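Asks: In the numbering used here, the protein residues as written are 1 to 101. After the structure tokens below, expect a handful of questions from me.
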């Protein structure tokens, strides 16, 4: 409840035309008496179904505190997969115009 700072990065795999990117998140916050690490992080692979509109993030590397949280709460790997859906970037008129069965 005091402060939080985070940095999120995403990078393509060069000039490859495949919709796969690498990502990394790193953050820190005020000491809460629970977390033992001062810096939390995760990194992995991002699958871009529609660039910046619908993306799925598969974590491959996570900090120890995040691993401990996952274990303590019985989270499985599929429950750590995240996605983004930016509806504000979707033009409904284009969807209707380009709709086909």
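Ideal placement from N, C-alpha and C gives every residue a C-beta, glycine not left out. All figures in this text were calculated on a predicted structure; none of them were measured in a lab.
In whole angstroms, give me the CA-to-CA distance for residue 54 and residue 13.
Replies: Approximately 18 Å, taken between the alpha carbons.
Asks: Give the range of the beta strand (DSSP E) segment to which residue 77 is assigned.
Replies: Unbroken run through residue 77: none, as it is neither H nor E.
Asks: If I measure Cβ to Cβ from residue 52 and keep anything under 7 Å in the same chain, skipping five residues before and after, which residues do I get?
Replies: Closer than 7 Å at the Cβ level, and outside the excluded window around residue 52, lie 86 and 89.
Asks: How would you call residue 57, buried or exposed, if buried means at least 16 neighbouring beta carbons within 10 angstroms?
Replies: By the 10 Å Cβ count, residue 57 comes out buried.
Asks: Since residue 70 is in the alpha helix (DSSP H), which residue starts that stretch and which ends it?
Replies: From DSSP, the alpha helix (DSSP H) with residue 70 extends over 64 to 72.
Asks: As an exercise, report each continuous beta strand (DSSP E) stretch of at least 3 residues that is fully enclosed by the stretch 4 to 45, in chain order.
Replies: Correct list: 4 to 12 and 20 to 29.
Asks: Along the chain, where does the beta strand (DSSP E) that runs through residue 85 open and close?
Replies: Looking at the DSSP string, the run of the beta strand (DSSP E) that includes residue 85 is 82 to 85.
Asks: So, is residue 77 buried or exposed, given that buried needs 16 or more other C-beta atoms within 10 angstroms?
Replies: So residue 77 ends up on the exposed side.
Asks: In chain order, what residues of the same chain lie with their CB nearer than 7 Å to the CB of residue 44, ignoring the 5 residues before and after it?
Replies: Excluding residues within five positions, the ones whose Cβ falls inside 7 Å are 23, 57, 58, 59, 60 and 61.
Asks: Compute the Euclidean distance between the alpha carbons of residue 69 and residue 93, then round it to the nearest angstrom.
Replies: For residue 69 and residue 93, the distance between alpha carbons rounds to 43 Å.
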